[in-house]
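As C-alpha cells, the structure follows; a few thoughts come after it.
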Amino acid sequence: VCVFIVASEVLIFREILALGFEASKHQPGKIPHFRTVNWGFFISAIYFVYGKSVLAHFEDQGKPFMQMQVLQFLSRHHSFLAMTMYVSCFLAFVMSLSQGNYMFQFGAFARTHIAIILVVVQGNFMILNVKSGMIWFLMPAMLVIFNDSFAYLVGRSIGRTPLMAISPKKTVEGYVGGAVFTVLGAMLMAWGLSKFEFMYCPLPEFTNCGFVCRVTCDKPSLFVTREIAFPPNLL
C-alpha cells in the first residue's frame with residue numbers, strides 16, 4: 033500500500049508538471065531545463081520525507097545490501113544530503129532564469145512547491161494512517177469514491193437545482209444525495225471492516241514485514257459494539 037501511495041505521488045506530480053511544461057512552450061523564449069529542475073525539487077522532497085525511514089527499515093531487517101558504503105552514507109547524512117539536493121536545484125533554477133520569462137518561471141516555481149506540499153506531505157500522512165490501521169486508509173479513500181459516485185448518480189437521476197455557477201452540472205440534489213449515501217456507506221464499511229483484525233490493528237513499524245505484513249492485537253474499544261443510552265434530559 034505504501035509503495036502504491038508513493039507511486040501515486042509520482043504520477044500526480046508528473047501530470048501537474050506536464051501542464052506547466054505545455055504552458056512553457058508558449059513563452060517568448062525557451063526555458064532551459066524546465067522539467068529537470070522541477071523533478072529535482074520533487075526528488076529532493078521524496079528523499080527528505082522517506083529516505084531515512086526506508087533505509088532504516090532495510091537496515092533493521094538486516095538486509096545484506098545495507099552494508100554498502102553508499103547506502104550507509106545516504107542514511108548517515110540524510111538531512112545534509114536532502115538540503116544539498118534542494119539547494120542545488122534552487123541554484124539550477126536561478127541559473128535557468130531567462131529574460132522575458134521571469135513571471136512565468138517564478139509562477140512555475142511556486143506551483144511546483146505547492147504541488148510538492150500537497151502531494152508529498154499528504155501522501156506521508158496517508159502512510160501514517162496505514163500505520164495506525166489499514167481501515168484508516170481504506171475507509172477515507174472508499175468514501176471519496178462513494179461520495180463522487182452517488183453525487184453523480186443522484187444528480188443525473190433527480191437533479192434539477194444548480195449547485196454553483198462555476199460547475200453548472202452539479203446539483204443540490206446530487207450534493208445532498210452524495211452526502212447521505214456517504215454517511216450510510218461509512219456506517220456500513222465501519223461495521224464490515226472492523227470484523228477483520230488486519231484492518232484495525234496498528235503497525236507503527238514495518239520491521240517484521242516481508243511482502244505481506246502480519247498483525248495481531250486486541251480489538252480497540254472504538255470498534256467494539258456496545259449499547260449507548262441517551263441522556264435522560266434528551267428523552
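Each residue of the sequence shown is one higher than the one before, starting from 33 at the first, in my numbering. Just so it is clear, CB atoms sit at the ideal spot from N, CA and C, and this is done for glycine as well. Please read these numbers as outputs of a predicted model, since none were measured by experiment.
Under 8 Å, Cβ to Cβ, is there at least one residue of chain C near residue 106?
As a matter of chain content, chain C is missing from the structure shown, which is built from one protein chain.
Reducing DSSP to helix, strand and coil, say where residue 166 ends up.
Three-state result, residue 166: coil.
Would a C-beta distance cut-off of 8 Å place residue 161 and residue 59 closer than the cut-off?
Taking 8 Å as the Cβ cut-off, residue 161 and residue 59 do not qualify as a contacting pair.
Who are the Cβ neighbours of residue 204 in its own chain at under 7 Å, not counting the five residues just before and after it?
Cβ within range, chain order: 193 and 195.
Would residue 69 pass as a contact of residue 124 if the rule is Cβ separation under 8 Å?
Their beta carbons are under 8 Å apart, which means residue 69 touches residue 124 by this criterion.
Determine the direct distance from the alpha carbon of residue 131 to that of residue 18, and round the result to whole angstroms.
One cannot answer for residue 18 here, as it falls past the ends of the chain, which runs 33 to 267.
Tell me which residues share the same chain as residue 186 and place their Cβ nearer than 7 Å to its Cβ, disregarding the 5 neighbours each side in the sequence.
Correct list, in chain order: 205, 206, 209 and 210.
If we call anything under 8 Å between Cβ atoms a contact, is residue 230 one with residue 148?
Contact flag unset, no.
If we require 3 or more residues per run, which beta strand (DSSP E) segments fall completely within the stretch 151-217?
Correct list: 194-196 and 199-203.
In three-state DSSP terms, what is residue 96?
Helix, per DSSP.
When the Cα atoms are used, what is the spatial distance from residue 112 to residue 190?
Residue 112 and residue 190: Cα-Cα distance of roughly 58 Å.
At which residues does the alpha helix (DSSP H) containing residue 259 begin and terminate?
Looking at the DSSP string, residue 259 is not in any alpha helix (DSSP H), and its letter there is neither H nor E.
Looking only at its own chain, which residues have a Cβ that is under 7 Å from the Cβ of residue 90, when we skip the five neighbours before and after it?
If we look at residue 90 and ignore the five residues flanking it on each side, its Cβ neighbours are 98.
From the DSSP output, in three-state form, read off residue 237 for me.
Residue 237 falls in the coil class under three-state DSSP.
Compute the beta-carbon to beta-carbon distance between residue 80 and residue 39, rounded to the nearest angstrom, for a pair I have assumed lies under 8 Å.
Not quite, the Cβ-Cβ distance comes to about 18 Å (not below 8 Å), so this is no contact.
Got a sec, what are the start and stop residues for the alpha helix (DSSP H) residue 230 sits in?
Residue 230 -> alpha helix (DSSP H) spans 229-232.
What is the DSSP secondary structure of residue 83, counted as helix, strand or coil?
Reduced to three states, the DSSP call for residue 83 is helix.
Could you spell out the range, first to last residue, of the alpha helix (DSSP H) harbouring residue 61?
Note, residue 61: premise wrong, no alpha helix (DSSP H); not H, not E.
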